[in-house]
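Colleague: Below: one structure in structure tokens.
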Amino acid sequence: MKLLNCFCLTIAIIGAINWGLIGFFDFNLVSALFGDATFFSRIIYGLVGLSGLYLIGFYKYACRDNY
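Once you know that position 64 of the sequence shown is 131 in this note's numbering, the rest is easy, because the numbers rise by one and skip nothing.
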């Protein structure tokens, strides 16, 4: 389970960095590396989306009271 958590977190961070590059510099790193709307870029975007959905479950750990 720890491997899955680390994988999803890494993929989500890569997605966040890509969105930051798009927002600040109008540069899409995934498209630059894998091409625009290719099979590989769609796989990357799909993994980012699935990782984000999986990481929604982390709210129960991040938002609980530890007082």
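Glycine included, every Cβ here is placed at the ideal spot set by N, Cα and C.
It should be emphasised that the depicted structure is a prediction, and the values quoted were computed from it without experimental measurement.
Do S108 and C75 have their CB atoms nearer than 8 Å?
Modeller: In the sequence shown, the residue the question calls residue 108 occupies position 41. In the sequence shown, the residue the question calls residue 75 occupies position 8. No.
Colleague: Under 8 Å between the Cβ atoms of I78 and V97?
Modeller: Walking along the sequence shown from the start, residue 78 turns up at place 11. Walking along the sequence shown from the start, residue 97 turns up at place 30. No. Outside cutoff.
Colleague: Can you list, in chain order, the residues of its chain with a C-beta nearer than 7 Å to that of L114? Leave out the 5 residues immediately preceding and following it.
Modeller: Within the sequence shown, residue 114 is the residue found at index 47, counting from 1. I78.
Colleague: Just to confirm, is the Cβ distance from L94 to L100 under 8 Å?
Modeller: Your numbering for residue 94 matches position 27 in the sequence shown. Your numbering for residue 100 matches position 33 in the sequence shown. According to the sequence shown, residue 94 is Phe rather than Leu. No.
Colleague: Within the continuous alpha helix (DSSP H) that includes I80, where are the two ends?
Modeller: For the purposes of this step, residue 80 is taken as residue 13 along the sequence shown, with counting starting at 1. Looking at the DSSP string, the run of the alpha helix (DSSP H) that includes I80 is 69-92.
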